[in-house]
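Residues in the sequence shown are numbered from 1 upward in steps of one, following the numbering used here. For every residue, glycine included, the Cβ atom is placed at its ideal position computed from N, Cα and C. In this text, all values refer to a predicted model and were calculated from it rather than measured experimentally. I have placed the structure first, in the form of structure tokens, so that the comments after it can refer back to it.
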Amino acid sequence: MEKAIAEAEKGRGSVSPNPLVGALVVKNNKVISKGHHSAYGKSHAEVEALKSINPRLKADLYVTLEPCAHYGKTPPCLNLILKYKNFAKIIIGCKDPNPQVKGKSIRGLRKAGFQVKTSVLSSRIKKQNEAYFYHLEKKRPFVTLKAAITLDGKIATRDGESKWITSSTSRKKAHRLRAENDGIMVGIGTVLADDPLLIPRNTKGRKFKPPARIIIDPKLKIPLDSKIIKTAKAYPTIIACSNLVGKLKKENLEKLSVKIISIKEKNRDGHFSMDELMKELARRNIAGLLIEGGSKLNSEVWQSKLVNKVIFFVAPKLFGGQELPVIGGQGISSIAGATELKINKVERLDKDIYIEAYVSK
Ligand code: AOF
Ligand code: ZN
Numbered sequence: 001m002e003k004a005i006a007e008a009e010k011g012r013g014s015v016s017p018n019p020l021v022g023a024l025v026v027k028n029n030k031v032i033s034k035g036h037h038s039a040y041g042k043s044h045a046e047v048e049a050l051k052s053i054n055p056r057l058k059a060d061l062y063v064t065l066e067p068c069a070h071y072g073k074t075p076p077c078l079n080l081i082l083k084y085k086n087f088a089k090i091i092i093g094c095k096d097p098n099p100q101v102k103g104k105s106i107r108g109l110r111k112a113g114f115q116v117k118t119s120v121l122s123s124r125i126k127k128q129n130e131a132y133f134y135h136l137e138k139k140r141p142f143v144t145l146k147a148a149i150t151l152d153g154k155i156a157t158r159d160g161e162s163k164w165i166t167s168s169t170s171r172k173k174a175h176r177l178r179a180e181n182d183g184i185m186v187g188i189g190t191v192l193a194d195d196p197l198l199i200p201r202n203t204k205g206r207k208f209k210p211p212a213r214i215i216i217d218p219k220l221k222i223p224l225d226s227k228i229i230k231t232a233k234a235y236p237t238i239i240a241c242s243n244l245v246g247k248l249k250k251e252n253l254e255k256l257s258v259k260i261i262s263i264k265e266k267n268r269d270g271h272f273s274m275d276e277l278m279k280e281l282a283r284r285n286i287a288g289l290l291i292e293g294g295s296k297l298n299s300e301v302w303q304s305k306l307v308n309k310v311i312f313f314v315a316p317k318l319f320g321g322q323e324l325p326v327i328g329g330q331g332i333s334s335i336a337g338a339t340e341l342k343i344n345k346v347e348r349l350d351k352d353i354y355i356e357a358y359v360s361k
């Protein structure tokens, strides 16, 4: 199953909102064929692993996720496996939470006489597919808050300089993170200050599904000559604004291939519910969302309790001062109110430290 998990991993960055899945055909303790789901809409792991296998062969099948039982973009893998009547064991890592599957294939395989073993390394598979599971079950994107910070928690100097706080090794990894998510979110402040392009670069020639660039811009202040707007035809671009913004600018942006999400303002103060936005993004198949905010956006998503995971690239530098902490806003008054994190990974990246932690919920 570990080998099947490694096989599944090859699809990262290309399969979402589908899960990463790997499958192996094993005979006499030897892997004789393997396959993975390589891209959204493409064939499933089982199809890839079985395409060179004779249906009369005696062997076992290992698959990280329960095979599908329904017609989606591809036909049910269950029907395909049922043709392999001489297979003895089907070993399934984890049940598929998709309501169209959810145990159906496991029951179908058992009914057909296969020996089915389930829940093998299932917690690892759930973690490998954390965005898939979260998106499906909570109808919200799995949110990662990512920042490059100094050791004293700053994302820029007093004058707003932020290029570059971390080493090129850290920045490469950050680009990879972009490619592995379905959306990258920034606030309009970041667009006005840095005019970023927000696309994954330096991903070693690997082809990824381009993530949507999502800008929080309540009053639609984004300049039409910003890099983001100028490249909106080539890279998916979503702008979230208030329902009170005039039609004309929205239409102008839409003509330039920008998708507009307009959300009802809560108190006519320019703020809208981030939670509402998250639900809408989930409907648009954003399963994994990377927040690359400035202080303000980070504070807003954190206060709205929408963050699932935190990734900080920490540089051995100190900036000092009151301005531009990674999470702005008022902060908290007592330690009892702190957000507790569970550290998942700590690594040294050149001179920097990489920290990955989950928000305890
Ligand atoms: C599998 N093997 O490799 C994957 C599965 O639209 P489709 O046909 O691609 O189906 C997508 C659904 O199939 C997805 O939501 C999930 O339930 C399951 N994914 N199943 O048997 C695979 N990727
Ligand atoms: Zn399938």
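May I ask you to check if the CB of residue i is nearer than 6 Å to at least one heavy atom of ligand 1?
{"i": "Ala45", "result": "yes"}
{"i": "Pro67", "result": "yes"}
{"i": "Asn98", "result": "yes"}
{"i": "Pro141", "result": "no"}
{"i": "Gly72", "result": "yes"}
{"i": "His175", "result": "no"}
{"i": "His37", "result": "yes"}
{"i": "Val369", "result": "Within the shown structure, residues of the chain are numbered from 1 to 361, placing residue 369 beyond reach of any answer."}
{"i": "Asn18", "result": "yes"}
{"i": "Val307", "result": "no"}
{"i": "Val101", "result": "yes"}
Taking only three categories from DSSP, how would you classify residue i?
{"i": "Asn79", "result": "helix"}
{"i": "Tyr235", "result": "coil"}
{"i": "Val15", "result": "coil"}
{"i": "Val301", "result": "helix"}
{"i": "Ile332", "result": "coil"}
{"i": "Ile106", "result": "helix"}
{"i": "Met185", "result": "strand"}
{"i": "Leu192", "result": "helix"}
{"i": "Gln115", "result": "strand"}
{"i": "His37", "result": "coil"}
{"i": "Gly337", "result": "helix"}
{"i": "Ala156", "result": "coil"}
{"i": "Lys172", "result": "helix"}
{"i": "Ile32", "result": "strand"}
{"i": "Leu177", "result": "helix"}
Which residues bound the beta strand (DSSP E) around residue i?
{"i": "Phe142", "result": "142-150"}
{"i": "Leu349", "result": "341-349"}
{"i": "Leu289", "result": "288-291"}
{"i": "Ala213", "result": "At residue 213 the sequence reads Arg, which differs from the Ala that was named. It spans 212-216 - the beta strand (DSSP E) in which Arg213 sits, taken as one unbroken run."}
{"i": "Phe312", "result": "309-315"}
{"i": "Lys27", "result": "22-27"}
From residue i to residue j, what distance separates their C-alpha atoms?
{"i": "Lys279", "j": "Lys117", "result": "35 Å"}
{"i": "Gln303", "j": "Glu265", "result": "17 Å"}
{"i": "Thr190", "j": "Pro196", "result": "8 Å"}
{"i": "Lys163", "j": "Ile53", "result": "53 Å"}
{"i": "Glu48", "j": "Val63", "result": "12 Å"}
{"i": "Val346", "j": "Val307", "result": "19 Å"}
{"i": "Gly246", "j": "Gln330", "result": "31 Å"}
{"i": "Ala234", "j": "Gly337", "result": "43 Å"}
{"i": "Ile214", "j": "Ile239", "result": "6 Å"}
{"i": "Ala287", "j": "Lys30", "result": "35 Å"}
{"i": "Lys351", "j": "Ser167", "result": "7 Å"}
{"i": "Leu324", "j": "Pro76", "result": "51 Å"}
{"i": "Ser43", "j": "Ala315", "result": "42 Å"}
{"i": "Gly41", "j": "Lys219", "result": "36 Å"}
{"i": "Ser299", "j": "Ile327", "result": "5 Å"}
{"i": "Ala88", "j": "Val310", "result": "43 Å"}
{"i": "Ile228", "j": "Asp194", "result": "11 Å"}
{"i": "Leu224", "j": "His70", "result": "44 Å"}
{"i": "Glu356", "j": "Phe312", "result": "7 Å"}
{"i": "Gly113", "j": "Ser360", "result": "42 Å"}
{"i": "Asp60", "j": "Leu177", "result": "35 Å"}
{"i": "Glu340", "j": "Val143", "result": "16 Å"}
{"i": "Ala212", "j": "Ile184", "result": "6 Å"}
Flag residue i as yes when its Cβ comes closer than 6 Å to any non-hydrogen atom of ligand 2, and as no otherwise.
{"i": "Cys77", "result": "yes"}
So residue i is in the alpha helix (DSSP H); what residue range does that whole segment cover?
{"i": "Glu356", "result": "Note, Glu356: premise wrong, no alpha helix (DSSP H); beta strand (DSSP E) at 352-359."}
{"i": "Leu136", "result": "130-138"}
{"i": "Leu277", "result": "274-283"}
{"i": "Glu7", "result": "2-9"}
Sequence ranges, beta strand (DSSP E) only - wholly within the region 218-264, length at least 3: With a minimum length of 3 residues, the continuous beta strand (DSSP E) runs that stay inside the region 218-264 are 237-242, 259-263.
Going residue by residue through the region 42-93, where are the continuous beta strand (DSSP E) segments of at least 3 residues, counting only ones entirely within it? Here the runs fully enclosed are 60-65.
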